[in-house]
Amino acid sequence: MIRNRVRDALTPETLGLIEAVHRSGSMAAAARELGVVPSALTYRIRQVEDALDVLLFDRSSRQAKLTEAGKELLREGSRLLLELDAVANRVKRVSTGWEPSLTLAVDSVISRTTVMELCEAFFALNPPTRLRLREEALSGTLEALTSGQADLAIGVAIESGVHKSVQSNPLGNIHFIYAVAPHHPLALAAEPVTDAMLMPHRAVAVADTVQRGIGVTVGLLGGQDIFTVPGMQEKLAAQLRGLGGGFLPEYLARPHIATGRLVEKRVQRTACVMPISYAWRRSESGQEGRALQWWLQQLARPATRKALLERDPSL
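Numbering (this note's numbering), first residue to last: 149 to 463.
Encoded structure:
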């Protein structure tokens, strides 16, 4: 009940009245400026004071001076009015077809540098759409989309065609290479490295972010010691420290191989190449919002797809 009283009394109009009194220095001068009866202005301000249970003006002198509480109300009130204006502008712009928000589920194998460049280009449009990124891995990337937690998934590594609500297009192939730190025991091992040679050594693996089910694993041997990390950047960091070995996207590993911080090892098993796609949820109306349309237009470009899968983070 008290909250309702405050909301009823504290409106953009009453904030304007308080600001007018502060600016003009008296209730009478503010009333003349606003074209209202002084008693009506005084009554409205009394209503706010009663609702908040504070004095907004020091009435001990002829000039109406804001109390500390009044100054705080005016400061916060001005901020709220600006936010109301911003909300009104956002609503107007959203009505033109822009979504209020757009969530991207981005697999950890995707080039972060390229994703951030795309975000920069998107924000340069000054859209009303709020953008949110989720880092996912393996089957968790698609699940974020199908569960309604994301609108667009970039880096889907498993078949998405089984979901009727999902549409997908190929992004390309990610090439993985096996690499270890130069001080790792396998760095000097004879090539090709066999599974029997890999088995005694710890593997670094990215955790599947799927919320339901047991998830999937890639490139691991049954019974092998595993160090599980949350994402591909953490996997790279672990392997640079010699905490284990494993397959890394070639674009991530190659700069460190060139500087000697990683050693590429040729393994006996078939080279690891993973087909990757991007997917989005079909709109019930059959028409995607303008923000999603923009992202799909970027992903339709071969150069963008190539950069997402191969972009050297040092460039």
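For each residue, glycine too, the CB sits at the ideal point set by N, CA and C.
For clarity, every value in this text was computed on a predicted model and none was experimentally measured.
Checklist entry - What are the start and end residues of the beta strand (DSSP E) that includes Met422? => result 420–429
Checklist entry - Going by other Cβ atoms of all chains shown within 10 Å of its Cβ, with 16 needed for buried, is His331 buried or exposed? => result exposed
Item to check | Whether Ala451 touches Leu250 by CB criterion (8 Å) | outcome: no
Checklist entry - Exposed or buried, what is Leu293 when buried is set at 16 or more other beta-carbons lying within 10 Å of its beta-carbon? => result By the Cβ-count criterion, Leu293 is buried, with 16 or more other Cβ atoms from all chains shown falling within 10 Å of its own Cβ.
Checklist entry - Does the segment 320–329 come within contact of the segment 390–408, defined as at least 3 CB pairs closer than 8 Å? => result yes
Checklist entry - Is it the case that the Cβ atoms of Pro340 and Val415 are separated by a distance below 8 Å? => result yes
Item to check | Buried versus exposed, by CB contacts within 10 Å (16 or more), Ala455 | outcome: buried
Next on the checklist: In the DSSP output, which residue or residues are listed as bridge partners for Ile374?
Outcome noted: Ala351
Next on the checklist: Rounded to whole angstroms, what is the Cα-Cα separation between Thr417 and Gly370?
Outcome noted: Looking at the sequence provided, one finds Arg at residue 417 rather than Thr. Cα-Cα distance, rounded: 15 Å.
Checklist entry - Secondary structure at Asp206, three-state DSSP: helix, strand or coil? => result Strand, per DSSP.
Next on the checklist: So, with DSSP's three-state summary, where would you put Gly363?
Outcome noted: The pLDDT assigned to Gly363 is 48, lower than 50, so where the model puts this residue is not dependable, and the model offers no usable value.
Item to check | Per-residue DSSP class, three states only, for Ile150 | outcome: Reliability of the predicted coordinates at Ile150 is poor, the pLDDT of 49 falling under 50, and no value is obtained from them.
Checklist entry - In chain order, which beta strand (DSSP E) runs of at least 3 residues are fully inside the segment 246–290? => result 249–255, 278–284
Checklist entry - Rounded to a whole number of angstroms, what is the C-alpha to C-alpha distance between Leu281 and Leu388? => result 26 Å
Next on the checklist: For the alpha helix (DSSP H) containing Glu412, name the first residue and the last one.
Outcome noted: No alpha helix (DSSP H) contains Glu412, which is instead part of the beta strand (DSSP E) from 411–413.
Item to check | Own chain, CB closer than 7 Å to Met149, minus 5 neighbours either side, in chain order | outcome: Unreliable positioning characterises Met149 in this predicted model, as indicated by a pLDDT of 47, which lies under 50. The coordinate reading is nonetheless provided below. Within the same chain, Met149 has no close Cβ partners at all.
Item to check | Residues near Leu457 in its chain [Cβ-Cβ closer than 6 Å; skip 5 each side] | outcome: Gly320, Ile322
Checklist entry - If you draw a straight line from the C-alpha of Ala157 to the C-alpha of Thr261, how long is it? => result 50 Å
Next on the checklist: Buried or exposed, going by whether 16 or more other CB atoms sit within 10 Å of the CB of Met175?
Outcome noted: buried
Item to check | DSSP-derived helix/strand/coil call for Ser174 | outcome: coil
Checklist entry - Under the three-state reduction of DSSP, which class applies to His323: helix, strand or coil? => result strand
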